[in-house]
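Each step along the sequence shown adds one to the number in this note's numbering, with nothing skipped, and position 40 is 31.
Report on the following structure.
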Amino acid sequence: MPPENLEIMKSLESWVSKNVLPLRMPVEKWPEQFKEEDRAIRQQVLGLSDEYFVMFVGNMLTENALPTYQTAINTIDGVHDQTGSSSCPWTIWTRA
């Protein structure tokens, strides 16, 4: 990465800490959150066509690639998280 791009990544770390990291959902809330969302989605999709569900499955397959995105972001200079415990705001975000 060119030095000027690395400088930009570094300069944004405090912004990421302040504006992006607070958006993470605590792991403790995941199970209940997903149950509520599942119930709401099931009510909303009653009567939808098979074509819609085909598109939905395609989207879900795409979502399975998210770990690949984390790996790609983790290779950017200034973001490397070799131990999985870096305190860099970018790596905290990608691990979440």
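Just so it is clear, CB atoms sit at the ideal spot from N, CA and C, and this is done for glycine as well.
Exercise. Look at the Cβ atom of Trp84, then the Cβ atom of Val70, and state whether they are nearer than 7 Å.
Key: no
Quiz item: Who are the near neighbours of Leu39 in its chain, counting only those whose CB is closer than 7 Å to its CB and skipping five residues on each side?
Solution: none
Quiz item: Taking contact to mean at least 3 C-beta pairs separated by less than 8 Å, is the region 53 to 69 in contact with the region -5 to 2?
Solution: yes
Quiz item: So Arg15 packs on Ala87, CB below 8 Å; how close in whole Å?
Solution: 4 Å
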